[in-house]
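K.L.:
Questions regarding the structure given below will be posed in turn.
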Amino acid sequence: MNARRLRWALAGLAATATFGLLAAGTASAAFTTPEYETIFNDEGVIGQAVGVAVDEATHDFYVADQGNRRVEKFDSEGNLLFMFGDGVNETSGGDKCPVDPGDTCRPGEDLSDFPNFTNPSAIAVDNSDSPSKGSVYVAEGVTNGGPGTVSKFDSDGQLIAGFGTGGTLTIPYLIRMTVSPFTGDIWILDGYGTTAFSGRVSSYDPSGNRRFIHESWINAGGDGDFAVDSDENFWVGDQNGHPLKADISQFAFNGNHALGYIQPGVVQGWATNPANSDILTNLNGESVNVFERTCNPAKGYCTPKESFGAGYLSSPRALAVDGTDYSVYVAIEGGIAAFRSKVVPDVVPKPASVGHTDAVLTAHLDPVGAGDIVDCEVEYGPTDAYGTTVPCEQALPMTQAGDATIHLSNLETETVYHYRFRATNGNGTSNGPDRTFTPHWVAGLETGDATDLGPGTATLHGELNPSGESTQYYFEWGETKSYGQQSPAAPGDETSAGALTQVETSLSGLLTSATTYHYRLVAVNGLGTSYGSDREFTTPLSDPPQIRNVVATATGLTTATLHAELNPGFGDTAYRFQYGPGASYGSSTAIVGPIGNDGSFHSVAADLSGLSPGTTYHFRVIAFNFVGHIASSDAVFTTPTMPVIGEVAASVLDAHSVRFSARAGAPDTTTTIQFEYGTSSSYGAQSAGVVAGPDGLGSVTVTGLSPSTTYHFRAVAVNEFGQTAGGDQVFTTRDAPSGGPRRYKNCKRGYVRRKGKCVKKHRRHRHRARRGR
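In the numbering used here, the protein residues as written are 25 to 797.
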């Protein structure tokens with residue numbers, strides 16, 4: 025399945041949508057390729073620049089100066105505004121200089137709790153529309169084995185104490201830092217306590233609250249900055265410095281998901297252009313290369329859209345771009361190299377009008393106040409190398425915004441043509457975006473949008489002009505450009521309309537969630553078959569995962585199995601269990617997944633070992649997909665123990681029998697009590713077993729014992745996890761009675777036998793005796 029994962033941050037998606045509008049808008053200025061202007065470092069203020077960041081609102085830029093352990097702020101012309109760092113003001117001892125005229129400035133020291141910038145590794149300005157817009161973040165790399173930090177300052181160089189702890193986040197083994205120009209979130213790569221480069225990626229909101237963390241990530245080497253585009257893809261150097269693009273949305277499933285290497289070489293710095301999400305990077309210390317965010321290195325190296333700076337970059341470390349005027353600043357040996365752009369006409373193509381063998385191409389041109397448009401032309405051909413150039417039909421110069429057109433004839437039917445408009449003013453030439461058109465046998469054939477997207481459904485749209493001729497049409501669709509499916513079924517639906525007609529088909533119940541599909545409209549008339557352009561859509565994830573029936577089963581004294589039922593909510597979902605002796609857990613199982621994406625509940629489980637007997641453990645399950653993640657409520661289980669034997673007794677009943685009793689048991693288990701007995705401590709005989717009652721008491725009677733005999737005995741308690749034997753005890757049976765009834769001699773005269781004894785008769789007995797005579 026070719027699944028396109030939804031992004032972690034909805035704000036990132038919103039930024040992507042905003043970018044798309046800017047790219048296609050009619051009021052955005054275009055710029056020439058930046059050209060070298062100068063190196064800023066008057067009077068040697070900058071010692072060793074390791075980072076640079078620009079504030080788009082003011083066009084001021086900041087330099088992380090490792091040589092002088094401070095941060096310097098300059099205006100766009102390179103004039104020093106002030107610097108800040110620990111004790112940089114020699115006159116007052118303060119952390120900002122100059123404050124008053126005549127203040128003497130010096131390198132930062134280590135005098136107080138104010139960040140001393142011993143090892144600044146990256147600097148960034150929040151250019152988003154977040155509440156922290158204009159704030160400055162400075163990353164301090166790991167020094168002498170200690171943790172790294174990220175500190176937040178306002179535009180006046182004052183530490184913002186409400187961020188992190190006293191204005192600083194502590195990051196173990198910090199490697200790289202950047203701030204998204206689209207959301208204002210802080211992104212960090214760190215070594216996760218390692219001594220090498222592998223580690224984790226985390227993101228924090230502008231208040232310092234962690235958004236998420238992935239504990240396994242791509243090996244990223246060195247220190248400094250990296251770039252995050254509007255899709256929240258990462259652009260970073262690996263442990264060897266090779267430039268890499270990676271997809272953050274894949275990490276929870278695959279641990280590492282590198283989309284691929286952008287270009288051969290070694291990269292020293294990164295920047296994101298907030299105006300269009302282009303990525304700028306220093307490559308091989310030779311030039312700045314610009315890549316579109318749509319670069320897909322999984323298909324091979326990406327081609328830079330432009331390069332500049334060759335011959336001017338001496339040991340480059342970092343760079344920053346001002347998206348409002350396309351000024352680029354590069355931290356190099358000796359200061360900051362500045363590159364400037366010029367405004368050129370804005371070129372926005374409009375839909376082409378295409379016939380069987382001809383086409384009318386149109387674009388909207390806008391001088392955007394940068395001078396008259398003095399030249400206009402169209403390049404076209406079968407590839408994006410074009411090959412043919414023709415002038416626009418409008419009169420020149422163009423002093424105000426308007427449309428330019430060109431009519432092309434003698435075209436090949438059912439052939440894809442690429443084209444672009446080019447407009448020139450006194451500053452240079454602006455190349456419009458590449459567009460395509462195809463002359464069709466069926467006029468006006470266009471593949472339209474896909475709407476009504478659901479986890480398993482979509483509606484495909486298109487248009488065509490049958491021109492009154494009988495025309496069949498259908499949509500081809502599938503997970504690749506080979507398609508493989510057709511709707512409606514062959515030969516498709518028929519129309520003979522005389523004008524442009526909208527057509528559609530429903531794919532309800534035929535699709536899989538979170539999957540990318542290709543589709544195109546196909547139409548057939550008496551002249552031939554026409555194929556619309558390939559388009560694609562991705563079915564969404566509709567719900568975050570759901571969790572129910574979270575239980576634990578003890579399987580041994582030190583083992584247990586945790587169970588749960590998870591509903592992936594129509595998206596590939598991973599999960600893991602957390603457990604530990606308290607509600608903070610402390611241990612977790614490995615991440616497992618993905619499980620199915622069918623919107624139904626699945627039983628999942630994890631086996632635990634190495635537990636302590638007789639211990640209560642807390643646990644929960646966490647499930648996550650790219651709609652969201654959810655944690656179950658806290659639950660507990662107690663590992664079992666061997667039965668414990670308490671009070672044990674033997675009650676002798678007579679010469680031949682005894683009644684044994686004992687209390688024994690273990691929590692949440694059934695305990696059976698038996699008694700071993702015999703004339704020695706080797707026992708040799710065993711009673712029947714009896715299940716202990718709710719109070720743990722069990723008793724059993726044994727017969728057939730020998731009279732006047734001393735017996736040894738002990739209680740044995742058994743449950744499903746083992747048995748426990750009590751201590752040895754003894755009892756003695758009673759003597760046996762003598763054989764037959766007892767015989768007595770006759771009492772003498774005047775005595776009678778009472779209770780086995782001869783006693784003297786009472787007088788009344790004598791009277792009775794006389795009366796009886």
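For glycine and all other residues, C-beta sits at the position ideal for the given N, C-alpha and C.
Go through its chain and collect everything with a Cβ distance to S611's Cβ below 6 Å, but skip five positions before and after it.
P.N.:
By 1-based counting over the sequence shown, the position of residue 611 is 587. Closer than 6 Å at Cβ, skipping near neighbours: Y603 and G604.
K.L.:
Note down, in chain order, each residue of its chain lying with its Cβ closer than 6 Å to the Cβ of S377, except the 5 sequence neighbours on either side.
P.N.:
Locating residue 377 in the sequence shown gives position 353, counting from the first residue. Same-chain partners within the cutoff: V384.
K.L.:
Starting from R559 and walking both ways along the beta strand (DSSP E), at which residues does that stretch end?
P.N.:
Counting from 1 along the sequence shown, the entry for residue 559 is found at position 535. Taken as a continuous stretch (DSSP letters only), the beta strand (DSSP E) holding R559 covers R559 to T562.
K.L.:
Go to T82, then tell me how far its beta strand (DSSP E) extends in each direction, as first and last residue.
P.N.:
Locating residue 82 in the sequence shown gives position 58, counting from the first residue. First-last for T82: undefined, no H or E at that position.
K.L.:
Leaving out five residues on either side along the sequence, give the residues of the same chain with a beta carbon under 8 Å from the beta carbon of A33.
P.N.:
Reading the sequence shown from its first residue, position 9 is the one you call residue 33. In this prediction, A33 has a pLDDT of 27, which is less than 50 and means its spatial position is unreliable; nothing more can be read from the coordinates.
K.L.:
Hey, quick one: how far does the beta strand (DSSP E) through V314 stretch, first residue to last?
P.N.:
Along the sequence shown, one-based indexing puts residue 314 at 290. Here the beta strand (DSSP E) through V314 covers S311 to F315.
K.L.:
Going by beta carbon distance, what residues of the same chain come within less than 6 Å of T128, once the five residues before and after it are set aside?
P.N.:
As a first step, residue 128 is located in the sequence shown; it is residue number 104 there, counting from the start. Here T128 has E114 and T115 as same chain residues with Cβ atoms under 6 Å from its own Cβ, once five neighbours each way along the sequence are excluded.
K.L.:
Is it buried or exposed for V783, if we count other Cβ within 10 angstroms and need 16 for buried?
P.N.:
Sequence index remark: in the sequence shown, residue 783 carries index 759 (1-based). Under this definition V783 is an exposed residue.
K.L.:
Could you tell me whether the Cβ atoms of R459 and V74 are closer together than 8 Å?
P.N.:
Residue 459 sits at position 435 when you count from the first residue of the sequence shown. Residue 74 sits at position 50 when you count from the first residue of the sequence shown. It is not a contact, given that the beta carbons lie outside the stated cut-off.
K.L.:
I need the boundaries of the beta strand (DSSP E) containing Y496, first residue and last residue.
P.N.:
In the sequence shown, the residue the question calls residue 496 occupies position 472. Inspection of the sequence shows that residue 496 is occupied by Gln rather than by Tyr. Per DSSP, Q496 belongs to the beta strand (DSSP E) from T495 to G502.
K.L.:
Does R778 pass the burial test, meaning 16 or more other C-beta atoms within 10 Å, or should it be called exposed?
P.N.:
If you number the sequence shown from 1, residue 778 lands on position 754. Answer is exposed; the Cβ neighbour count stays below 16.
K.L.:
For the stretch 478-490 against the stretch 396-415, do three or more pairs of beta-carbon atoms, one drawn from each stretch, fall closer than 8 Å, so that the two count as touching?
P.N.:
no
K.L.:
Just to confirm, are S179 and D79 a CB contact at a threshold of 8 Å?
P.N.:
Start at 1 with the first residue of the sequence shown, and residue 179 comes out as number 155. Start at 1 with the first residue of the sequence shown, and residue 79 comes out as number 55. Against a cut-off of 8 Å, the Cβ pair of D79 and S179 comes out as a contact.
K.L.:
Go through its chain and collect everything with a Cβ distance to K781's Cβ below 7 Å, but skip five positions before and after it.
P.N.:
Position 757 of the sequence shown holds residue 781. Correct list: empty, nothing qualifies.
K.L.:
Among Y410, G468 and R572, whose alpha-carbon lies nearest the alpha-carbon of E438?
P.N.:
Within the sequence shown, numbered from 1, the residue matching residue 438 stands at position 414. It is G468 whose Cα lies nearest to the Cα of E438.
K.L.:
From which residue to which residue does the beta strand (DSSP E) around A401 run?
P.N.:
Along the sequence shown, read from residue 1 onward, the residue named residue 401 stands at position 377. According to the sequence provided, residue 401 is Glu. The question's Ala does not apply to it. It spans D399 to G405 - the beta strand (DSSP E) in which E401 sits, taken as one unbroken run.
K.L.:
Pick helix, strand or coil for A148, following the three-state DSSP scheme.
P.N.:
Translated into the one-based positions of the sequence shown, residue 148 becomes position 124. For A148, the secondary structure class from DSSP, reduced to helix, strand or coil, is strand.
K.L.:
Using the C-alpha atoms, what's the distance from T694 back to G36?
P.N.:
Locating residue 36 in the sequence shown gives position 12, where the first residue counts as 1. Locating residue 694 in the sequence shown gives position 670, where the first residue counts as 1. Note on G36: pLDDT 29, under 50, position unreliable in the model; no value is reported.
K.L.:
Could you tell me if A749 is buried or exposed, where buried requires 16 or more neighbouring beta carbons within 10 angstroms of its beta carbon?
P.N.:
Indexing the sequence shown from 1 puts residue 749 at position 725. So A749 ends up on the exposed side.
K.L.:
Quick one: Cα of E470 to Cα of E487, how far?
P.N.:
For this step, residue 470 is matched to residue 446 along the sequence shown. For this step, residue 487 is matched to residue 463 along the sequence shown. Going from the Cα of E470 to the Cα of E487 covers about 5 Å.
K.L.:
Quick check: the Cα distance between P463 and V440, rounded to an integer number of angstroms?
P.N.:
For the purposes of this step, residue 463 is identified with residue 439 of the sequence shown, where counting begins at 1. For the purposes of this step, residue 440 is identified with residue 416 of the sequence shown, where counting begins at 1. Cα to Cα, the separation comes out at about 8 Å.
K.L.:
How close, in whole Å, do the beta carbons of I619 and P592 come, if the pair is a contact with beta carbons under 8 Å?
P.N.:
Looking up residue 619 in the sequence shown gives position 595. Looking up residue 592 in the sequence shown gives position 568. Contact flag correct, Cβ pair sits at about 6 Å.
K.L.:
Who are the near neighbours of N308 in its chain, counting only those whose CB is closer than 7 Å to its CB and skipping five residues on each side?
P.N.:
For the purposes of this step, residue 308 is identified with residue 284 of the sequence shown, where counting begins at 1. Around N308: G289 and V290.
K.L.:
For F814 and Y707, what's the separation of their Cα atoms in angstroms?
P.N.:
Since the displayed the chain opens at 25 and closes at 797, residue 814 lies outside it and no answer follows.
K.L.:
Just confirm the distance between the C-beta atoms of D370 and S454, as a whole number of angstroms; I'd bet it's less than 8 Å.
P.N.:
Locating residue 370 in the sequence shown gives position 346, where the first residue counts as 1. Locating residue 454 in the sequence shown gives position 430, where the first residue counts as 1. D370 to S454, Cβ: 7 Å. Contact.
K.L.:
Below 8 Å on the Cβ atoms is my guess for T582 versus G634; work out the distance and round it to an integer in Å.
P.N.:
Working through the sequence shown from its first residue, we reach residue 582 at position 558. Working through the sequence shown from its first residue, we reach residue 634 at position 610. Confirmed, Cβ separation roughly 6 Å.
K.L.:
Within the continuous beta strand (DSSP E) that includes R107, where are the two ends?
P.N.:
Position 83 of the sequence shown, counted from the start, is the residue given in the question as residue 107. Note that residue 107 is Met in the sequence shown here, rather than Arg. Residues L104 to F108.
K.L.:
What residues match up with C121 in a beta bridge as DSSP calls it?
P.N.:
As a position in the sequence shown, residue 121 is number 97, starting the count at 1. M107.
K.L.:
Look at the alpha carbon of E316 and the alpha carbon of G102, and state the distance between them as a whole number of angstroms.
P.N.:
Position 292 of the sequence shown holds residue 316. Position 78 of the sequence shown holds residue 102. Going from the Cα of E316 to the Cα of G102 covers about 29 Å.
K.L.:
For P328, which beta-bridge partners are listed by DSSP?
P.N.:
Reading the sequence shown from its first residue, position 304 is the one you call residue 328. According to DSSP, which records beta bridges pairwise, P328 is partnered with nothing at all.
K.L.:
Going by DSSP, name the residue or residues bridged to R224.
P.N.:
As a position in the sequence shown, residue 224 is number 200, starting the count at 1. D214, per the DSSP bridge assignment.
K.L.:
If you draw a straight line from the alpha carbon of L105 to that of G190, how long is it in whole angstroms?
P.N.:
Looking up residue 105 in the sequence shown gives position 81. Looking up residue 190 in the sequence shown gives position 166. Between L105 and G190, the C-alpha separation is close to 25 Å.
K.L.:
Check G333 in the structure and name its three-state DSSP category.
P.N.:
The count along the sequence shown starts at 1 and reaches residue 333 at position 309. Here G333 sits in coil by DSSP.
K.L.:
In whole angstroms, what is the alpha-carbon distance linking K785 and S732?
P.N.:
Position 761 of the sequence shown, counted from the first residue, corresponds to residue 785. Position 708 of the sequence shown, counted from the first residue, corresponds to residue 732. For K785 and S732, the distance between alpha carbons rounds to 41 Å.
K.L.:
Tell me whether A17 is buried or exposed, calling it buried when 16 or more other Cβ atoms sit within 10 Å of its Cβ.
P.N.:
The question about residue 17 has no answer, for the chain in this structure spans 25 to 797.
K.L.:
Does the stretch 52-64 come close enough to the stretch 320-328 to have 3 or more Cβ pairs within less than 8 Å?
P.N.:
no
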